[in-house]
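So the sequence shown is numbered by full-length UniProt numbering: it starts at 1 and just counts up by one. Just so it is clear, CB atoms sit at the ideal spot from N, CA and C, and this is done for glycine as well. Since the model is a prediction, treat every value here as computed from it, not as a measurement. Contents: one structure, followed by commentary.
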Amino acid sequence: MVPCLLYVSLEEKDVQMKLIAMGPLSHWIMGTINYWLLLTRSGDIRECVQHMEMDWKLARKMSDQGVMLRYAKIGRFVAGFCAIFMQSGTFLFTVAKAMTSMPVVIGNETMSMHPMTCPIYSKFIDTRFSPANEIMLAVQLVSCFIVNSVTVGACSLAAVFAMHAYGQLSMLFSWLNKLVADEDKENDLANQRLAAIVDHHLRVLR
């Protein structure tokens with residue numbers, strides 16, 4: 001990320017080439033910001049995971065477990081879709097660009113090289129020559145996978161947490177429907193059931 005930023009700000013003079021490099025560079029910058037946010041919110045994420053674990057332990061009825069399992073599968077599907085969509089898109093872009101070649105004039109010779117996804121400041125590493133060109137292509141491919149994994153992780157966590165909360169609210173809705181359906185019947189436990197619904201609703205809101 002830093003070599004590409006230096007390339008854009010110090011080395012490249014063509015505005016069009018700068019704009020082309022800004023796309024992948026912005027992706028790397030956003031991935032770094034996402035990673036930093038995940039680290040700063042690691043305590044909150046841990047609490048959310050523990051909260052979900054406790055919700056599963058509190059679900060005693062098969063019907064409640066079925067509701068939670070249904071929305072957990074939806075959250076897992078969304079997380080998997082995010083992983084496949086994001087990883088395949090950026091991976092194919094990186095590979096497609098690396099498989100092309102461009103002519104480079106060095107002195108009196110014309111050579112061909114594979115362009116970098118994120119161009120590198122030449123005072124750090126001159127990627128026009130082999131094997132530096134191939135090595136940096138491999139490094140950028142690995143770093144692209146890592147940056148995508150951070151973004152996929154953030155989106156997957158958001159999807160799983162949101163669907164879990166939606167499942168809890170659906171479970172509360174079914175409890176309320178059952179309570180209303182049984183209101184004409186004599187039930188000494190109606191107040192306790194209503195109190196349990198209110199307590200669980202407050203737990204979901206937390």
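*Would you report the Cα separation of Thr40 and Thr110, rounded to the nearest angstrom?*
For the purposes of this step, residue 40 is identified with residue 40 of the sequence shown, where counting begins at 1. For the purposes of this step, residue 110 is identified with residue 110 of the sequence shown, where counting begins at 1. In a straight line, the C-alpha of Thr40 is about 49 Å away from that of Thr110.
*asked:* Using C-beta distances below 7 Å, list every residue in its chain close to residue 223, excluding the 5 sequence neighbours before and after it, in chain order.
replied: Given a span of 1 to 206 for the chain in the structure shown, any question on residue 223 remains unanswerable.
*Taking the beta strand (DSSP E) that Ile120 falls in, what are its first and last residues?*
Looking up residue 120 in the sequence shown gives position 120. First-last for Ile120: undefined, no H or E at that position.
*asked:* With distance defined between alpha-carbon atoms, name the residue in Ala181, Ser170, Ala196, Leu179 nearest to Val67.
replied: Taking the first residue of the sequence shown as 1, we reach residue 67 at position 67. The option with the nearest alpha carbon to Val67 is Ser170.
*Is it true that the region 62-79 meets the region 124-135, where meeting means three or more beta-carbon pairs spaced less than 8 Å apart?*
no
*Could you have a look at Ile197 and say whether DSSP puts it in helix, strand or coil?*
The residue labelled residue 197 in the question sits at position 197 within the sequence shown. Ile197 falls in the helix class under three-state DSSP.
*Mind checking whether Met113 and Asn133 have CB atoms under 7 Å apart?*
If you number the sequence shown from 1, residue 113 lands on position 113. If you number the sequence shown from 1, residue 133 lands on position 133. Yes, the pair counts as a contact, with Cβ atoms nearer than the cut-off.
*Checking contacts by CB at 7 Å: is Ser143 closer than that to chain B?*
The question asks about chain B, but that chain is absent: this structure has only one protein chain.
_Can you list, in chain order, the residues of its chain with a C-beta nearer than 8 Å to that of Phe124? Leave out the 5 residues immediately preceding and following it._
Position 124 of the sequence shown holds residue 124. So the list reads Pro3, Leu6, once near-sequence residues are dropped.
_In chain order, each alpha helix (DSSP H) run of at least 4 residues that lies wholly inside the region 59-116_ = Counting only runs of 4 or more, we get 62-99.
*Run the CB neighbour count on Val160, radius 10 Å, all protein chains shown included, and call it buried at 16 or more, exposed below.*
As a position in the sequence shown, residue 160 is number 160, starting the count at 1. By the 10 Å Cβ count, Val160 comes out buried.
*Sub-7 Å separation of Cys144 and Thr90 beta-carbons*: For the purposes of this step, residue 144 is taken as residue 144 along the sequence shown, with counting starting at 1. For the purposes of this step, residue 90 is taken as residue 90 along the sequence shown, with counting starting at 1. The answer is yes: Cβ separation under 7 Å.
*Can you check whether the CB of Lys18 is closer than 7 Å to the CB of Glu11?*
In the sequence shown, counting from the first residue as 1, residue 11 sits at position 11. In the sequence shown, counting from the first residue as 1, residue 18 sits at position 18. Not a contact, by the Cβ cut-off of 7 Å.
*Under the rule that 16 or more other beta-carbon atoms within 10 Å means buried, what is Ser63, buried or exposed?*
Stepping through the sequence shown from its first residue, residue 63 is reached at position 63. By the neighbour-count rule (16 or more Cβ atoms within 10 Å), Ser63 is not buried but exposed.
_Where residue 264 falls, given that 16 or more other Cβ within 10 Å makes a residue buried_ = In the structure displayed, the chain extends from 1 to 206; residue 264 sits before or after that span and is not available.
*Whole-angstrom distance between Gln65 and Leu37, CA atom to CA atom*: Position 37 of the sequence shown holds residue 37. Position 65 of the sequence shown holds residue 65. The straight-line gap from Cα to Cα measures roughly 32 Å.
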